[in-house]
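Enquirer: Residue numbers (the working numbering), protein chains in the order written: chain A, 1 to 216; chain B, 217 to 432. The structure follows.
Protein chains: 2
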Amino acid sequence: MRIGIVGGTGREGRGLALRWAAKGHAIVVGSRDAARAQEKARELSAELTGGVGPISGGSNEEAAGAEVVLLTVPYAAHADTLKGLRGALAGRIVIDITVPLVPPKVTQVNLPAGTSAALEAQVLLDPTTRVVATLHHVSSAHLGEPGHAIDCDVLVCSDDQDARTVAIGLIEDLGLRGLDAGVLKNAVALESLTPVLLHLNRKYKTNTGIRITGLG
Amino acid sequence: MRIGIVGGTGREGRGLALRWAAKGHAIVVGSRDAARAQEKARELSAELTGGVGPISGGSNEEAAGAEVVLLTVPYAAHADTLKGLRGALAGRIVIDITVPLVPPKVTQVNLPAGTSAALEAQVLLDPTTRVVATLHHVSSAHLGEPGHAIDCDVLVCSDDQDARTVAIGLIEDLGLRGLDAGVLKNAVALESLTPVLLHLNRKYKTNTGIRITGLG
């Protein structure tokens, strides 16, 4: 599958690109600065010792042309980025991993005006764009290192069942267990759990994650 | 410690009373119908084969006179119950386990007007009452059976650090791991995760819970 990563030159982008490329997906790393994305793509391709891929780089608009588009930008840039890509993202599956954190109080729940970043995305984007919210609880430190085993389940929600299924498959290609967490409204729970995990990290001096128990 | 359980004749009340009494706490089961609470207390005392306790019953006002008061009522009765007990609960630690579910859509996040039941409780109650939000994720089926081992961590939040510490101690007396989840605002995350777990229960036909990973 062709996967675009908008804002893909960051820490999350690196791990996602390497893990997915190793599974044979074609990755388009996107950035506001296309030259920087191309450089990052060359760098990641060189790291991809097992081959496969390919990983290319370009503008965020080019990344938004892929079948599935993952969005990884700071919440402060979330709305503007989506508005700029509204046309390009029509008909796409958009995987939004944004957590609406408000520095410096990142260990306290912040509910944005639209109640969740993903719900805001669905309103800002074209009605034919199917927004999926997921990957809020995986530590970027772990995700960024493709060799790391990650002790964390990944909850996936969307109003579109097919989009949820596609995203769960892609989560599994990252080496993680993806679980169907229901409608997009449930992104409120997923996004707001991240500040709690950040509080736990600080309180217990560790990197926390979550596991859903009872699934056998 | 003397623990009152407001709305204590229900399913959660049974397991909490038996588990805490077995650890030597004195339990006051409260109900709008004091006679029913007294009957329930006698029934639970008879079940407490290992002795200790005692478990007594009375009105919700009597339960609210204990050092620590746990509130377990349906969300529809939450505000009225708290308004009626405002005076009795002044100066107490109130452990609020309410999830603001809106039947029949119990698998979708519902944010109440005050954004969380526990935040609403803190506003409705006297400023000297310290509200703790916790126990939203333990299946009542498991909690109700005092012999059941429960594969679930318990997140605890409050604006009062001492109240958080007392609640974590009481969670441990239930045989569970209690974790400090930060300020009361974080109750939004805790309460809204319950509909997600109910969705997972339905989707995967099981009884789910959560574990925080990375704590060693």
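Even for Gly, the Cβ is constructed at its ideal location relative to N, Cα and C.
1. I want to verify the contact list: residues of chain D whose CB lies under 9 Å from the CB of B:Asp-367, in sequence order.
2. Closest Cβ-Cβ distance between B:Ala-333 and chain A: below 8 Å?
3. Please compile the residues from chain A whose C-beta is within a distance smaller than 8 Å of the C-beta of B:Gln-324.
4. On the criterion of 16 or more Cβ atoms from any shown chain inside 10 Å, does A:Asp-153 qualify as buried, or is it exposed?
5. Determine the chain A residues that contact B:Leu-416 at a beta-carbon separation under 9 Å, and present them in chain order.
6. Have a look at A:Ala-76 and B:Thr-345 and give me their C-alpha separation to the nearest angstrom.
7. Could you give the first and the last residue of the continuous beta strand (DSSP E) run that contains A:Ser-59?
8. For A:Tyr-75 and chain B, any beta-carbon pair shorter than 8 Å?
9. With a floor of 3 residues, list each beta strand (DSSP E) that falls wholly inside the segment 344-381 of chain B, ordered by position along the chain.
10. For a test of the three-state rule: what should DSSP assign to B:Ala-242, helix, strand or coil?
11. Taking buried to mean at least 16 other C-beta atoms within 10 Å of its own C-beta, is B:Gly-274 buried or exposed?
12. Once the 5 residues before and after A:Arg-2 are set aside, which same chain residues still bring their CB inside 6 Å of it?
13. Return the first residue and the last residue of the beta strand (DSSP E) that B:Arg-308 is part of.
14. Would you check if the distance between the CB atom of B:Leu-406 and the CB atom of B:Ala-349 is smaller than 8 Å?
15. Using 8 Å as the Cβ pair cut-off and three pairs as the minimum, do the segment 371-387 of chain B and the segment 397-412 of chain B touch?
16. Could one say the Cβ of A:Thr-134 lies closer than 8 Å to chain B's Cβ atoms, at least one of them?
17. Take every Cβ of the segment 35-55 of chain A, pair it with every Cβ of the segment 198-206 of chain A, and state whether three or more of those distances are shorter than 8 Å.
18. For chain A, is any of its Cβ atoms less than 8 Å away from the one on B:Asn-276?
19. Helix, strand or coil: which one does DSSP assign to B:Asp-249?
20. List the DSSP bridge partners of A:Leu-70.
Expert: If we stick to the structure as given:
1. Structure shown: chain D not included; protein chains present are A and B.
2. Chain A, which has no Cβ nearer than 8 Å to the Cβ of B:Ala-333, makes this no.
3. Gly-182, Val-183, Lys-185 and Asn-186
4. buried
5. Leu-155, Leu-179, Asp-180, Ala-181, Gly-182, Ile-212, Gly-214 and Leu-215
6. Roughly 37 Å between the two C-alpha positions.
7. 55-59
8. no
9. 346-350 and 369-374
10. strand
11. buried
12. Ala-26, Ala-66 and Glu-67
13. No beta strand (DSSP E) contains B:Arg-308, which DSSP labels as neither H nor E.
14. Result yes, Cβ atoms of B:Leu-406 and B:Ala-349 sit closer than 8 Å.
15. yes
16. no
17. no
18. No, B:Asn-276 lies away from the interface with chain A (no Cβ there is under 8 Å from its Cβ).
19. In the three-state scheme derived from DSSP, where H, G and I count as helix and E and B as strand, B:Asp-249 is classed as coil.
20. Residue pairing by DSSP places A:Leu-70 opposite A:Ile-5 and A:Ile-95 in a beta bridge.
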